[in-house]
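Undergrad:
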Amino acid sequence: MGEKDSPQSTANKTYARMTRAPVPSLVLKLGIPTMMSMLVTALYNTASTYYISYLGTSPVGAMGVVFALQTIIQAMGIMIGQGCASQTSRLLGEKAYSHANRLASSGLFLALIFASLFGILGQVFLEPLLIAMGATDTILPWAKAYAQVILLASPFMAASFTLNNLLRSEGLALVGMIGLGIGGILNILISPVFIFTLDGGMAGAAWATALSQTVSFAILLAHYLRGKGSLQLHWALVSRKADLYLSIFKFGSPSLIRNGLGAVAVSTLNLMAGLYGDAGVAAMSMVGRVMMVTNAFLIGLGQGFQPVLGYNWGAKLFTRVKAALDATIGMGMVLMSVLGILGFVFAHPIINFFEVNDPAVTEIGVLALKLQCLVAILTPTNVIGNMAFQVIGRAGVASLLAASRQGLFFLPFILLLPHAWGIFGVQVAQPLAEVCSFFICGYFLWHFRREVMNRIALQAK
Numbered sequence: 001m002g003e004k005d006s007p008q009s010t011a012n013k014t015y016a017r018m019t020r021a022p023v024p025s026l027v028l029k030l031g032i033p034t035m036m037s038m039l040v041t042a043l044y045n046t047a048s049t050y051y052i053s054y055l056g057t058s059p060v061g062a063m064g065v066v067f068a069l070q071t072i073i074q075a076m077g078i079m080i081g082q083g084c085a086s087q088t089s090r091l092l093g094e095k096a097y098s099h100a101n102r103l104a105s106s107g108l109f110l111a112l113i114f115a116s117l118f119g120i121l122g123q124v125f126l127e128p129l130l131i132a133m134g135a136t137d138t139i140l141p142w143a144k145a146y147a148q149v150i151l152l153a154s155p156f157m158a159a160s161f162t163l164n165n166l167l168r169s170e171g172l173a174l175v176g177m178i179g180l181g182i183g184g185i186l187n188i189l190i191s192p193v194f195i196f197t198l199d200g201g202m203a204g205a206a207w208a209t210a211l212s213q214t215v216s217f218a219i220l221l222a223h224y225l226r227g228k229g230s231l232q233l234h235w236a237l238v239s240r241k242a243d244l245y246l247s248i249f250k251f252g253s254p255s256l257i258r259n260g261l262g263a264v265a266v267s268t269l270n271l272m273a274g275l276y277g278d279a280g281v282a283a284m285s286m287v288g289r290v291m292m293v294t295n296a297f298l299i300g301l302g303q304g305f306q307p308v309l310g311y312n313w314g315a316k317l318f319t320r321v322k323a324a325l326d327a328t329i330g331m332g333m334v335l336m337s338v339l340g341i342l343g344f345v346f347a348h349p350i351i352n353f354f355e356v357n358d359p360a361v362t363e364i365g366v367l368a369l370k371l372q373c374l375v376a377i378l379t380p381t382n383v384i385g386n387m388a389f390q391v392i393g394r395a396g397v398a399s400l401l402a403a404s405r406q407g408l409f410f411l412p413f414i415l416l417l418p419h420a421w422g423i424f425g426v427q428v429a430q431p432l433a434e435v436c437s438f439f440i441c442g443y444f445l446w447h448f449r450r451e452v453m454n455r456i457a458l459q460a461k
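Going by my numbering, the residue at position 113 of the sequence shown is 113; the numbering climbs one at a time, nothing skipped.
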């Protein structure tokens with residue numbers, strides 16, 4: 001291998017790009033591929049719900065229940081991936097390549113082990129687990145058929161998210177987009193074949209998802225097996241030191257809290273919506289899928305922002321840190337305002353896209369979607385604030401911000417408001433949580449920006 005193709009040379013070129021390229025365009029360049037990969041992931045979840053909607057209201061409700069299970073699997077992969085990536089982007093900015101490689105290799109090993117254990121335990125305790133996630137008596141058989149298959153693929157699903165985070169940490173969001181995108185498109189194409197042509201029903205939809213996720217994992221892993229990029233993965237680099245794994249959990253804890261609480265929130269939402277029958281669970285499941293597509297754009301932008309922030313924070317280029325923060329928040333607010341307006345105006349046809357043909361589902365879903373679209377402009381502050389503190393290594397603040405929306409506010413709202421306001425309490429809980437979280441995240445983000453400006457002033461002296 002010539003010097004121009006060596007890992008060291010690749011790392012130096014990446015460092016130069018991340019610390020010198022114009023910041024707004026760099027965030028977009030890294031964010032757009034991640035947006036596309038997130039969007040494809042959201043779309044194949046939405047497409048699966050669309051196909052399943054032909055089977056009836058209860059199967060759609062089952063997709064909402066199993067979504068909580070999938071969220072837990074994703075949470076493990078993202079937690080480990082972010083726990084590594086928040087460090088590797090800073091380490092690459094400091095040119096500490098050996099430590100970064102050990103972290104990445106150990107992280108992949110950890111994701112495969114943890115997800116395998118979860119898959120085994122999930123199979124053993126499947127029925128009580130699904131009931132705890134909101135499955136009613138009529139939804140439970142459909143949810144079991146899907147979950148049994150998904151748990152088999154849990155190691156590859158979790159590891160895909162870990163690898164995707166590692167790729168983003170070194171500025172290779174396009175590679176992640178290709179891997180996740182191919183898997184997502186494959187899922188959209190083969191789901192109707194497995195569900196209808198092969199008469200697989202719910203289990204067929206699950207097999208399509210499991211196969212597609214495994215393909216994504218293989219593509220992402222192949223990138224590292226071929227020795228591409230700044231990070232190098234190898235089993236020989238897997239650490240036996242407890243402090244390295246503790247650092248992964250420490251810096252990944254905000255992601256675990258955010259996504260873990262997301263799974264708890266979805267389960268609690270299903271339980272409270274279930275008080276109003278399968279129509280309530282199905283309607284909120286549809287709204288969740290639609291908002292997942294909408295938020296994919298913002299999360300993708302934020303994940304493009306993270307490596308830019310990490311590299312430049314590690315390199316102590318604070319003027320670029322401020323530029324990245326300002327540009328990302330500004331672009332995020334414009335983006336979410338546009339998507340919120342579109343979602344509000346077209347809420348009825350969006351919900352009717354799912355072929356349930358149940359007026360109760362439509363009525364509940366349309367209002368819930370409109371309420372969430374009204375507060376979409378606040379979401380960038382909540383999401384980017386949490387991401388920023390996680391990347392710079394302030395796990396305590398990042399964990400607090402990660403817990404604020406779903407834990408501090410949504411869970412109390414969803415448990416209390418339906419008893420006072422009925423189904424409207426279910427519909428309004430998430431928007432109210434978004435508003436309350438905005439004030440907490442905005443406060444910390446404002447102080448962080450002031451700190452960065454002070455560091456810029458000190459460097460200028």
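Backbone N, C-alpha and C define an ideal beta-carbon position, used for all residues, glycine too.
Who are the Cβ neighbours of residue 416 in its own chain at under 8 Å, not counting the five residues just before and after it?
TA: Against the sequence shown, residue 416 aligns to sequence position 416. 425, listed in sequence order.
Undergrad: Using the three-state DSSP reduction, which class does residue 96 fall into: helix, strand or coil?
TA: Here residue 96 refers to the residue found at position 96 when the sequence shown is read from its first residue. Coil.
Undergrad: Report, in whole angstroms, the separation of the C-beta atoms of residue 73 and residue 158, which I expect to be a contact under 8 Å.
TA: On the sequence shown, residue 73 is found 73 positions in, with the first residue counted as 1. On the sequence shown, residue 158 is found 158 positions in, with the first residue counted as 1. Right, the Cβ-Cβ distance comes to about 5 Å (below 8 Å), so this counts as a contact.
Undergrad: Apply the 10 Å Cβ neighbour rule to residue 302 and answer buried if 16 or more other Cβ atoms are within range, or exposed otherwise.
TA: Within the sequence shown, the letter at position 302 stands for residue 302. It counts as buried.
Undergrad: Taking all protein chains shown into account, do 16 or more other C-beta atoms lie within 10 angstroms of the C-beta of residue 25, making it buried, or fewer, making it exposed?
TA: As a position in the sequence shown, residue 25 is number 25, starting the count at 1. By the neighbour-count rule (16 or more Cβ atoms within 10 Å), residue 25 is not buried but exposed.
Undergrad: Tell me whether residue 3 sits in a helix, a strand or coil according to DSSP, three-state version.
TA: As a position in the sequence shown, residue 3 is number 3, starting the count at 1. Its pLDDT being 41, under 50, residue 3 is placed unreliably in this model, and the value from its coordinates should be taken loosely. Helix at residue 3.
Undergrad: Could you tell me the alpha carbon to alpha carbon distance between residue 204 and residue 195, rounded to whole angstroms?
TA: Position 204 of the sequence shown, counted from the start, is the residue given in the question as residue 204. Position 195 of the sequence shown, counted from the start, is the residue given in the question as residue 195. Straight-line Cα distance between these residues: approximately 5 Å.
Undergrad: Report the residue from 167, 19 and 14 whose alpha carbon sits nearest the alpha carbon of residue 309.
TA: As a working mapping, residue 309 is identified with position 309 in the sequence shown. Selected option, being the one with the closest Cα: 19.
Undergrad: Let's test the definition: count the other Cβ atoms within 10 Å of the Cβ of residue 4 and tell me whether it reaches 16, buried, or not, exposed.
TA: Here residue 4 is taken as the residue at index 4 of the sequence shown, counted from 1. In this predicted model, residue 4 has a pLDDT of only 44, less than 50, meaning its place in the structure is not dependable; the value taken from the coordinates is given anyway. Looking at its Cβ environment, which holds fewer than 16 other Cβ atoms inside 10 Å, residue 4 is exposed.
Undergrad: Quick one: is residue 78 buried, meaning 16 or more other Cβ sit within 10 Å of its Cβ, or exposed?
TA: Here residue 78 refers to the residue found at position 78 when the sequence shown is read from its first residue. Residue 78 should be labelled buried.
Undergrad: Within the same chain, show all residues whose beta-carbon is closer than 8 Å to that of residue 382, passing over the 5 residues directly before and after it, in chain order.
TA: Stepping through the sequence shown from its first residue, residue 382 is reached at position 382. 401, 404, 405, 434, 437, 438 and 441.
Undergrad: Which same chain residues end up closer than 7 Å to residue 65 when comparing Cβ atoms and leaving out the 5 residues on each side of it in sequence?
TA: To locate residue 65, count along the sequence shown from 1; it is residue 65. Around residue 65: 130, 133, 134, 135, 139, 143 and 270.
Undergrad: Taking only runs that begin and end inside the stretch 19-103, name each unbroken alpha helix (DSSP H) of 4 or more residues, in chain order.
TA: Qualifying alpha helix (DSSP H) stretches, in chain order: 23-52 and 57-93.
Undergrad: Work out the CA separation of residue 41 and residue 193 for me, nearest whole Å.
TA: For the purposes of this step, residue 193 is identified with residue 193 of the sequence shown, where counting begins at 1. For the purposes of this step, residue 41 is identified with residue 41 of the sequence shown, where counting begins at 1. Their backbone Cα atoms lie some 19 Å apart in a straight line.
Undergrad: Could you give the DSSP three-state label for residue 424: helix, strand or coil?
TA: The residue you call residue 424 lines up with position 424 of the sequence shown. Looking at residue 424 - three-state DSSP - the assignment turns out to be helix.
Undergrad: Quick check: the stretch 222-238 against the stretch 167-177, are there 3 or more CB pairs under 8 Å?
TA: Short answer: they touch.
Undergrad: Hey, quick one: how far does the alpha helix (DSSP H) through residue 294 stretch, first residue to last?
TA: Along the sequence shown, read from residue 1 onward, the residue named residue 294 stands at position 294. 278-314 is the span of the alpha helix (DSSP H), which, as asked, contains residue 294.
Undergrad: Using 8 Å as the Cβ pair cut-off and three pairs as the minimum, do the stretch 99-109 and the stretch 231-250 touch?
TA: Short answer: they touch.
Undergrad: Output the boundary residues of the alpha helix (DSSP H) element that contains residue 127.
TA: Here residue 127 refers to the residue found at position 127 of the sequence shown. It spans 126-132 - the alpha helix (DSSP H) in which residue 127 sits, taken as one unbroken run.
Undergrad: Less than 8 Å between the C-beta atoms of residue 165 and residue 82, yes or no?
TA: Position 165 of the sequence shown, counted from the first residue, corresponds to residue 165. Position 82 of the sequence shown, counted from the first residue, corresponds to residue 82. Contact flag set, yes.
Undergrad: Could you check where the alpha helix (DSSP H) with residue 260 kicks off and where it finishes?
TA: For the purposes of this step, residue 260 is taken as the residue at position 260 of the sequence shown. Residue 260 -> alpha helix (DSSP H) spans 242-273.
Undergrad: DSSP state of residue 397, grouped into three classes?
TA: Here residue 397 corresponds to residue number 397 of the sequence shown, with the count starting at 1. Residue 397: helix per DSSP, three-state reduction.
Undergrad: Taking only three categories from DSSP, how would you classify residue 154?
TA: If you number the sequence shown from 1, residue 154 lands on position 154. Helix at residue 154.
Undergrad: In or out: residue 1 buried (at least 16 other Cβ within 10 Å) or exposed?
TA: Mapped onto the sequence shown, residue 1 falls at position 1. In this prediction, residue 1 scores a pLDDT of 35, lower than 50, which makes its location untrustworthy; the coordinate-derived value is nonetheless stated afterwards. Exposed: under 16 other Cβ atoms inside 10 Å.
Undergrad: Which of the three DSSP states, helix, strand or coil, is assigned to residue 196?
TA: Counting from 1 along the sequence shown, the entry for residue 196 is found at position 196. In the structure shown, residue 196 sits in a helix (DSSP, three-state: H, G or I).
Undergrad: Mark residue 90 as exposed unless 16 or more other C-beta atoms lie within 10 angstroms of its C-beta, in which case mark it buried.
TA: If you number the sequence shown from 1, residue 90 lands on position 90. Its Cβ being crowded by 16 or more others within 10 Å, residue 90 is buried.
Undergrad: Answer yes or no: do residue 342 and residue 290 have a C-beta to C-beta separation smaller than 8 Å?
TA: Counted from its first residue, the sequence shown places residue 342 at position 342. Counted from its first residue, the sequence shown places residue 290 at position 290. Not closer than 8 Å, so no.
Undergrad: Skipping 5 residues on each side, what residues in its chain have a beta carbon closer than 6 Å to that of residue 432?
TA: Mapped onto the sequence shown, residue 432 falls at position 432. Contacts found: 413.
Undergrad: Which residues in the same chain as residue 446 place their Cβ atom closer than 6 Å to its Cβ, once the five residues preceding and following it in sequence are excluded?
TA: Reading the sequence shown from its first residue, position 446 is the one you call residue 446. Excluding residues within five positions, none has a Cβ falling inside 6 Å.
Undergrad: Go ahead and pull the three-state DSSP assignment for residue 341.
TA: To locate residue 341, count along the sequence shown from 1; it is residue 341. DSSP places residue 341 in helix when its eight states are reduced to three.
Undergrad: Suppose the cutoff is 7 Å on Cβ atoms and the five residues either side in sequence are ignored; what does the same chain contact list for residue 274 look like?
TA: Position 274 of the sequence shown, counted from the start, is the residue given in the question as residue 274. 134, 136, 280 and 281.
Undergrad: By DSSP, does residue 475 sit in helix, in strand, or in coil?
TA: One cannot answer for residue 475 here, as it falls past the ends of the chain, which runs 1 to 461.
Undergrad: Going by DSSP in three states, residue 357 sits in which element: helix, strand or coil?
TA: Your numbering for residue 357 matches position 357 in the sequence shown. DSSP places residue 357 in coil when its eight states are reduced to three.
Undergrad: Where does residue 326 sit, in a helix, a strand or coil, going by DSSP?
TA: On the sequence shown, position 326 is the one that residue 326 refers to. Correct three-state label for residue 326: helix.
Undergrad: Could you spell out the range, first to last residue, of the alpha helix (DSSP H) harbouring residue 207?
TA: Numbered from its first residue, the sequence shown carries residue 207 at position 207. Start and end: 201-225.
Undergrad: For residue 383, which of helix, strand or coil comes out of DSSP?
TA: For this step, residue 383 is matched to residue 383 along the sequence shown. Three-state DSSP puts residue 383 in a helix.
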